[in-house]
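S.K.: Before I ask anything, let me first share the structure, which is written out below as structure tokens.
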Amino acid sequence: MADRITSVPALSWLTLVIIYGGLLVLIGIALGDEWSGQASLLALFQVLVAPVVMGTVAVRNYRKRAVSELHKWAAYAGAGYFVALLLLFIGVGLSVLSGG
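In terms of the working numbering, the sequence shown opens at residue -17 and continues consecutively.
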């Protein structure tokens, strides 16, 4: 299997690890008591920049999904982040509109 992969999506996987890792750090900070300015910047990055980056990762790897499983799962992971954040925004928006 590994000998058939012509190009490994290393940059895509590095991006996935950094963004999902940042999300885990943000969740850990939110569960703790020590919110800081740096956490606010990370949250802003996760909301404004990360969806665009993950959408780009998803599109680039979706086009190459037949090359290897690495490309296919990188596309799914990028799209999953994008869709999950969209659903989160819809849920929060509906909650605010309903007065909750």
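Yeah, the Cβ is synthetic: ideal placement off N, Cα and C, and Gly gets one too.
Determine, using beta-carbon pairs with one atom in the segment 59 to 67 and one in the segment 20 to 38, whether at least three such pairs fall under 8 Å.
M.R.: The segment 59 to 67 is in contact with the segment 20 to 38.
S.K.: Residue range of the alpha helix (DSSP H) that Ser77 falls in?
M.R.: Against the sequence shown, residue 77 aligns to sequence position 95. Segment Glu51 to Leu79, the alpha helix (DSSP H) holding Ser77.
S.K.: Using a Cβ cut-off of 7 Å (strictly closer), state whether Gly60 contacts chain B.
M.R.: No chain B is part of this structure, which consists of one protein chain only.
S.K.: Can Asn43 and Ser(-6) be called in contact, C-beta distance under 7 Å?
M.R.: As a working mapping, residue 43 is identified with position 61 in the sequence shown. As a working mapping, residue -6 is identified with position 12 in the sequence shown. Yes. Within cutoff.
S.K.: Which same chain residues, not among the five before or five after Leu5, have their C-beta less than 7 Å away from its C-beta?
M.R.: In the sequence shown, counting from the first residue as 1, residue 5 sits at position 23. Here the set comprises Gln28.
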